[in-house]
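For what it's worth, full-length UniProt numbering labels the leading residue of the sequence shown as 1, then goes sequentially.
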Amino acid sequence: MILEQAIDECREIKEAIDDAEPPERVQAEIGDLLHTAISLCIFSGLDVETTLSKTNEKFEKRMRAIKMLTKKHNLPNLQGQSVELMLTLWKEAKEITKNVKP
């Protein structure tokens with residue numbers, strides 16, 4: 001049930017983006033997805049604060065790796081880069097940081 005709700009929220013985000021809705025609408029839809037993710041944590045018996053903290057640590061670790069990869073690929077910064085390049089860098093960073101402690 002909660003996973004289906006998350007899928008529905010993702011669809012609503014995609015629709016808002018595809019329809020070029022104002023950023024506030026997209027933000028509201030993303031907020032709904034975050035609320036659903038919190039519900040999923042609770043339903044799964046996980047501590048929401050711990051889950052969020054671990055997620056932030058993982059994100060920060062990957063962002064440090066992305067910045068390192070940006071320098072390695074001689075890119076001035078991440079601004080204005082294509083979505084494809086950003087996804088490639090994210091996947092590379094994910095591999096690099098897989099077994100690295102924070």
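Cβ coordinates follow ideal geometry from the N, Cα and C atoms, glycine included.
Bear in mind that the values here come from a model prediction, so they are computed numbers and not experimental data.
Local conformation of glutamate 21 per DSSP, three classes: Counting from one through the sequence shown, the residue named residue 21 turns up at place 21. Glutamate 21: coil per DSSP, three-state reduction.
Inter-stretch contact at 8 Å, needing at least 3 Cβ pairs: the segment 30–37 / the segment 3–20: yes
Identity of the residue in Glu12, Ile96, Ile17 and Cys10 nearest alanine 59 by Cα: Reading the sequence shown from its first residue, position 59 is the one you call residue 59. Reading off the sequence shown, one finds phenylalanine at residue 59, where the question assumed alanine. Ranking the options by Cα distance to phenylalanine 59, first place goes to Ile96.
Quick one: what does DSSP say glycine 45 is sitting in, helix, strand or coil? Along the sequence shown, one-based indexing puts residue 45 at 45. Residue state, collapsed to three classes: coil.
Determine the DSSP secondary structure at methionine 1, reduced to helix, strand or coil. By 1-based counting over the sequence shown, the position of residue 1 is 1. Of the three classes helix, strand and coil, the one that applies to methionine 1 here is coil, per DSSP.
Buried or exposed: isoleucine 17, going by 16 or more other Cβ atoms within 10 Å of its Cβ? The residue you call residue 17 lines up with position 17 of the sequence shown. Looking at its Cβ environment, which holds fewer than 16 other Cβ atoms inside 10 Å, isoleucine 17 is exposed.
Under 7 Å Cβ to Cβ from threonine 51, same chain only, skipping five residues before and after it: list those, please. As a first step, residue 51 must be located in the sequence shown, where it is residue number 51. If we look at threonine 51 and ignore the five residues flanking it on each side, its Cβ neighbours are Cys41.
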